[in-house]
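Enquirer:
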Amino acid sequence: ESISKKYERTIFNNFSISVQPGERIAIIGENGAGKTTLLRALLGNLQLDHGTVKWAENANIGYMPQDTYEEFPNDVTLMEWIDAYRKEGDDEQMVRGTL
(Lines of atoms letter the chains of each structure in order from A and count residues from 1; the text may use other names and numbers.)
(Lines give C-alpha, C1' and ligand atoms only; values in the text may rest on other atoms or scores of the structure.)
Protein backbone atom coordinates (compact mmCIF):
# COMPACT_ATOMS: atom_id res chain seq x y z
CA GLU A 1 0.00 0.00 0.00
CA SER A 2 1.37 3.38 -1.09
CA ILE A 3 4.97 2.21 -1.43
CA SER A 4 7.64 4.65 -2.57
CA LYS A 5 11.33 4.30 -3.39
CA LYS A 6 13.75 6.95 -4.56
CA TYR A 7 17.47 6.91 -5.27
CA GLU A 8 18.86 9.75 -7.40
CA ARG A 9 15.42 9.75 -9.05
CA THR A 10 12.00 8.50 -8.03
CA ILE A 11 11.61 4.81 -8.97
CA PHE A 12 7.98 4.51 -7.85
CA ASN A 13 5.83 6.78 -5.76
CA ASN A 14 2.66 5.95 -3.86
CA PHE A 15 2.30 2.60 -5.69
CA SER A 16 -0.50 0.31 -4.53
CA ILE A 17 -1.65 -3.04 -5.86
CA SER A 18 -3.81 -5.91 -4.70
CA VAL A 19 -3.43 -9.30 -6.37
CA GLN A 20 -6.19 -11.80 -5.75
CA PRO A 21 -5.66 -15.59 -5.53
CA GLY A 22 -5.28 -17.08 -9.00
CA GLU A 23 -4.45 -13.77 -10.67
CA ARG A 24 -1.23 -13.36 -12.58
CA ILE A 25 0.54 -10.11 -13.32
CA ALA A 26 3.38 -9.07 -15.59
CA ILE A 27 5.84 -6.28 -14.86
CA ILE A 28 6.97 -4.81 -18.15
CA GLY A 29 9.23 -1.83 -18.81
CA GLU A 30 12.40 -0.55 -20.35
CA ASN A 31 15.81 -1.36 -18.88
CA GLY A 32 16.38 0.79 -15.82
CA ALA A 33 12.69 1.50 -15.29
CA GLY A 34 12.71 -0.05 -11.80
CA LYS A 35 11.17 -3.51 -12.36
CA THR A 36 13.76 -5.32 -10.25
CA THR A 37 13.63 -2.63 -7.58
CA LEU A 38 9.87 -3.05 -7.37
CA LEU A 39 10.16 -6.83 -7.06
CA ARG A 40 12.83 -6.54 -4.38
CA ALA A 41 10.63 -4.10 -2.49
CA LEU A 42 7.65 -6.45 -2.69
CA LEU A 43 9.78 -9.33 -1.44
CA GLY A 44 11.04 -7.30 1.51
CA ASN A 45 14.63 -7.35 0.24
CA LEU A 46 14.73 -3.57 -0.03
CA GLN A 47 13.91 -0.89 2.51
CA LEU A 48 11.08 1.32 1.33
CA ASP A 49 11.01 5.08 1.75
CA HIS A 50 7.28 4.90 2.44
CA GLY A 51 4.42 2.38 2.53
CA THR A 52 3.90 -1.21 3.53
CA VAL A 53 3.85 -4.61 1.82
CA LYS A 54 1.57 -7.30 3.18
CA TRP A 55 1.36 -10.84 1.81
CA ALA A 56 -1.48 -13.27 2.40
CA GLU A 57 -0.77 -15.71 5.22
CA ASN A 58 -0.57 -18.68 2.84
CA ALA A 59 1.13 -16.89 -0.06
CA ASN A 60 3.72 -19.00 -1.89
CA ILE A 61 6.32 -16.53 -3.14
CA GLY A 62 8.88 -17.43 -5.79
CA TYR A 63 11.47 -15.19 -7.36
CA MET A 64 14.37 -15.74 -9.75
CA PRO A 65 16.69 -12.74 -9.76
CA GLN A 66 17.86 -11.19 -13.01
CA ASP A 67 21.47 -11.82 -12.00
CA THR A 68 21.65 -15.44 -10.84
CA TYR A 69 25.34 -15.66 -9.90
CA GLU A 70 24.48 -16.08 -6.20
CA GLU A 71 21.93 -18.82 -6.94
CA PHE A 72 24.29 -21.19 -8.77
CA PRO A 73 27.37 -22.53 -7.01
CA ASN A 74 30.41 -23.27 -9.16
CA ASP A 75 30.41 -26.49 -11.16
CA VAL A 76 26.69 -27.21 -10.69
CA THR A 77 24.48 -27.90 -13.68
CA LEU A 78 20.96 -26.50 -13.91
CA MET A 79 19.52 -30.01 -13.42
CA GLU A 80 21.62 -30.51 -10.27
CA TRP A 81 20.56 -27.13 -8.94
CA ILE A 82 16.85 -27.66 -9.52
CA ASP A 83 16.99 -31.09 -7.86
CA ALA A 84 17.03 -29.24 -4.54
CA TYR A 85 13.52 -27.97 -5.31
CA ARG A 86 11.95 -31.25 -6.44
CA LYS A 87 8.91 -32.41 -4.55
CA GLU A 88 8.08 -36.01 -3.81
CA GLY A 89 6.84 -37.64 -7.01
CA ASP A 90 8.58 -35.20 -9.37
CA ASP A 91 10.43 -37.17 -12.01
CA GLU A 92 13.12 -36.00 -14.40
CA GLN A 93 10.58 -35.53 -17.22
CA MET A 94 8.54 -33.13 -15.08
CA VAL A 95 11.68 -31.16 -14.21
CA ARG A 96 12.76 -30.95 -17.85
CA GLY A 97 9.27 -29.84 -18.82
CA THR A 98 9.40 -27.10 -16.20
CA LEU A 99 12.78 -25.91 -17.41
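In case it helps, this note's numbering puts the sequence shown at residues 2 to 100. All C-beta atoms, glycine included, are put in the ideal place defined by N, C-alpha and C.
Around the Cβ of Ile12, are there at least 16 other Cβ atoms within 10 angstroms (buried) or fewer (exposed)?
Expert: It counts as buried.
Enquirer: If you draw a straight line from the alpha carbon of Arg87 to that of Leu79, how long is it in whole angstroms?
Expert: Going by the C-alpha atoms only, they are around 13 Å apart.
Enquirer: With the cut-off set at 9 Å, would you say Leu44 and Ile26 are in Cβ contact?
Expert: Their beta carbons are not under 9 Å apart, which means Leu44 does not touch Ile26 by this criterion.
Enquirer: Which word fits Ala42, buried or exposed, when buried means at least 16 other C-beta atoms lie within 10 angstroms of its C-beta?
Expert: Per the 10 Å Cβ criterion, buried.
Enquirer: Within a Cβ cutoff of 8 Å, which residues of the same chain sit near Ala57, ignoring the five residues on either side of it in sequence?
Expert: Closer than 8 Å at Cβ, skipping near neighbours: Pro22.
Enquirer: Please give me, in chain order, every unbroken run of the alpha helix (DSSP H) with length at least 4 that falls completely inside the stretch 7-61.
Expert: Within the stretch 7-61, the complete alpha helix (DSSP H) runs of at least 4 residues are 36-44.
Enquirer: Once you ignore the five residues that flank Ser3 on each side, which residues in its own chain have a CB closer than 6 Å to its CB?
Expert: Taken in chain order, the residues that qualify are Asn15, Ser17, Gly52.
Enquirer: Count the other CB atoms, across all protein chains shown, that sit within 10 Å of the CB of Gly35; report buried if there are 16 or more and exposed otherwise.
Expert: Gly35 should be labelled buried.
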